[in-house]
Amino acid sequence: TLLDSKRAFDTVDHIGLKIKINDLGINGNLWKLLDHMYRDLKSCVTCNNVTSRFFSSFERGVRQGSALSAKLYLIYINDLIDILSTSGKGAVMLDLNVGCPVQADDIALISPTFSGMQCMIDICYNYSVKWKFEFSPSKSQVLIFSKKETV
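For reference, each letter of the sequence shown is one residue, going 1 to 151 in UniProt numbering.
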């Protein structure tokens, strides 16, 4: 199953992100820098060389185009990967869990059984509800590989 997070970078909850950063043991000056980057954000829009007035941004989203954004998103979903990896439902090769490779906001779920796959999908859904984001059904796919001619 290939899951795509809907507007992933736009929907990262700042409070949740700060909790997750703190849980990783990031503190001191680095914590202060990250906290400052996402507190009382002001934004503007430029279109046809005309720039709007600054306006207050919401308490969601990581900065588009920032070198840190992909890393911050991965911090935001890191415990989802941990939950999936320890669920016992994903594929294993040579004692290595390969059941949930991730690239930015795309997660691949790999399971040798239908029930295992459903469990992994349920884990992702429940996690997304808890942490206030969604997966995009139109950009997500289920792929089935089988030796049988009919599934």
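Yeah, the Cβ is synthetic: ideal placement off N, Cα and C, and Gly gets one too.
When the Cα of residue i is compared with those of the options, which residue comes out closest?
{"i": "Ile19", "options": "Ala8, Leu34, Asn29", "result": "Leu34"}
{"i": "Asp23", "options": "Val102, Thr113, Ile75", "result": "Ile75"}
{"i": "Thr11", "options": "Trp31, Phe54, Arg63", "result": "Arg63"}
{"i": "Asp122", "options": "Val98, Asp105, Leu80, Thr51", "result": "Leu80"}
{"i": "Ser146", "options": "Tyr127, Leu68, Ser111, Tyr125", "result": "Ser111"}
{"i": "Leu109", "options": "Asn126, Asp95, Ser140", "result": "Ser140"}
{"i": "Tyr127", "options": "Leu84, Ala67, Gly99", "result": "Leu84"}
{"i": "Ala70", "options": "Asn97, Asn49, Asp95, Gln103", "result": "Gln103"}
{"i": "Ile144", "options": "Asn49, Thr113, Leu96", "result": "Thr113"}
Taking the C-alpha atoms as reference points, what is the distance between residue i and residue j?
{"i": "Ile77", "j": "Thr46", "result": "31 Å"}
{"i": "Pro137", "j": "Glu59", "result": "25 Å"}
{"i": "His14", "j": "Met93", "result": "36 Å"}
{"i": "Asp82", "j": "Ile21", "result": "15 Å"}
{"i": "Tyr38", "j": "Trp31", "result": "11 Å"}
{"i": "Lys6", "j": "Gly28", "result": "32 Å"}
Should residue i be labelled buried (16 or more other beta-carbon atoms within 10 Å of its own) or exposed?
{"i": "Gly61", "result": "buried"}
{"i": "Ile107", "result": "buried"}
{"i": "Asp105", "result": "buried"}
Under the assumption that residue i contacts residue j (Cβ atoms under 8 Å), give the Cβ distance between them as a whole number of angstroms.
{"i": "Thr1", "j": "Val129", "result": "Not quite, the Cβ-Cβ distance comes to about 18 Å (not below 8 Å), so this is no contact."}
{"i": "Phe135", "j": "Tyr73", "result": "At roughly 14 Å, the Cβ-Cβ gap does not stay under 8 Å, so Phe135 and Tyr73 are not in contact."}
{"i": "Lys132", "j": "Gly16", "result": "7 Å"}
{"i": "Lys42", "j": "Ser52", "result": "Incorrect: roughly 11 Å between the Cβ atoms, too far for contact."}
Three CB pairs or more closer than 8 Å across the stretch 81 to 97 and the stretch 112 to 130: yes
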